[in-house]
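All residue numbers for the sequence shown refer to full-length UniProt numbering, where the first residue is 1 and numbers rise by one.
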Amino acid sequence: MSSPAGFQAAKPVLAIEGLTVSFDGFKAVNDLNLYVDRNEVHVVIGPNGAGKTTVLDLICGKTKSTTGSIEFDGRELTKMREYDIVRAGVGRKFQNPSIYENLTVFENLEMSYPKGRKVFGALFFKRTAEVVARVEEVAGEIFLSELLDKQADLLSHGQKQWLEIGMLLMQDPALLMLDEPVAGMSVSERVQTAELLNRISKGRSVLVIEHDMEFVKSIAHRVTVLHQGKVLAEGSMEAVQTNPKVIEVYLGH
Ligand SMILES: Nc1ncnc2c1ncn2[C@@H]1O[C@H](COP(=O)(O)OP(=O)(O)OP(=O)(O)O)[C@@H](O)[C@H]1O
Ligand SMILES: [Mg+2]
1 MSSPAGFQAA KPVLAIEGLT VSFDGFKAVN DLNLYVDRNE VHVVIGPNGA
51 GKTTVLDLIC GKTKSTTGSI EFDGRELTKM REYDIVRAGV GRKFQNPSIY
101 ENLTVFENLE MSYPKGRKVF GALFFKRTAE VVARVEEVAG EIFLSELLDK
151 QADLLSHGQK QWLEIGMLLM QDPALLMLDE PVAGMSVSER VQTAELLNRI
201 SKGRSVLVIE HDMEFVKSIA HRVTVLHQGK VLAEGSMEAV QTNPKVIEVY
251 LGH
C-alpha cells in the first residue's frame, strides 16, 4: 500500500496470521488473522464455543497451533515455551482468579514481582524499597491501597479479579490478556474495572474477551467478532453492533 512520503503505519505489536488449531479434526480456530496495535484495547466477542479462549491459549503457548504464526514484538511465539512467552512480555489472566488465598494482598503482589521473593528464596529475601514502592503503586491502580494487609481469601470476588490483574501488572507486560474479567462482578465493580483498563492501557496493549456489551462499549478501541474460529466482523463497537451478520449469530440472541 502507498503512503505519504516518509510515513509508515505503526506495526502492530501482535500479528496473528493464518492461525489454525485442530482438536481431533475440529478446527476451533480456523485460518485466523488478528492484529493488536500498541496502546490499543482490543476486545474479542462472539458466541460460546467461537474459539475466543482458544486464541488466548495459543498466544500464551498453553495450546500449540496446527499452522500459522503469532508474531509479538518481532518474535514468533508459536515455537516458544509458555514461560518464555511470559518473559517476552505477555501476561494472561484466566477466567477464575488464581491468587494465593492465604497470603495478604501485599504478599500476592510481591510474589509476582520479577525481582521479588522467588529470586533469592524466602529465607534470604529482603523487602527492598524498590519492591515496596512497586507494590504500593500497583495496589493504587487496582483500588486495593487500603487493603494491603488483608488476606486475599477475604476479598470480594471483584477485588480478587483486580488483585490478579495487579499481579500481572507487577511484571509490566507489553500485552495484557484478560478472559471475561467482569464475569460475576457487580455493576459498580464493572464500572471501576472499565476505568482501570482505560488507565492501564496507556503504554501497553490489552486484549480482552467479554460478553458484557455495556462493558465492551466502555473500553474497546476496536472489536473483533469471532464465529466458528474465524473473524466474522471487525471495527468500532458501533460498526460491529449494527452489522447484520453479527446480530444474526450473536447479538440478536
Ligand atoms: N483442548 C481442547 N481439546 C478439545 N477441544 C477443545 C479444546 N479447547 C477448546 N476446545 C473446543 O474448541 C471450541 C472453542 O472453545 P473456546 O473455549 O475457545 O470457546 P469460547 O469462544 O471461549 O467460548 P465461551 O464464550 O463459552 O467461553 C469449543 O467447541 C471447545 O469445546
Ligand atoms: Mg471462553
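Where a beta carbon is used, it is the ideal one built from N, C-alpha and C, also for glycine.
- Residue environment for Arg134: buried (at least 16 other C-beta atoms within 10 angstroms of its C-beta).
- For Asp153 against Glu101, the beta-carbon gap comes to about 4 Å, under 8 Å, which counts as contact.
- Between the alpha carbons of Glu82 and Met111 lies a distance of about 19 Å.
- Taking a C-beta distance under 8 Å as the contact criterion, Ile45 and Ile59 do not qualify as a contact pair.
- Bridge partners of Arg92 according to DSSP: Met177.
- With a threshold of 7 Å, the Cβ atom of Lys93 does not count as near ligand 1, since no heavy atom of the ligand is closer than that.
- Using a Cβ-Cβ distance cut-off of 8 Å, the region 212-223 and the region 85-92 are not in contact, since fewer than three pairs of beta carbons, one from each stretch, lie closer than that value.
- Checking the 7 Å criterion, the Cβ of Lys52 is within range of a heavy atom belonging to ligand 1.
- The beta carbon of Ala233 sits closer than 7 Å to those of Val225, Val240, Asn243, Lys245 and Val246, all from its chain and outside the five residues before and after it, given in chain order.
- In the displayed model, Thr193 falls within a helix according to three-state DSSP.
- Going by beta carbons, Ser186 and Gly140 fall outside the 8 Å limit.
- The three-state reading of DSSP puts Arg222 in strand, counting E and B together.
- Distance between Trp162 and Asn108, taken at the CA atoms: about 12 Å.
- DSSP, read as helix, strand or coil, puts Leu19 in strand.
- Per DSSP, His157 is one residue of the alpha helix (DSSP H) stretching across His157 to Leu169.
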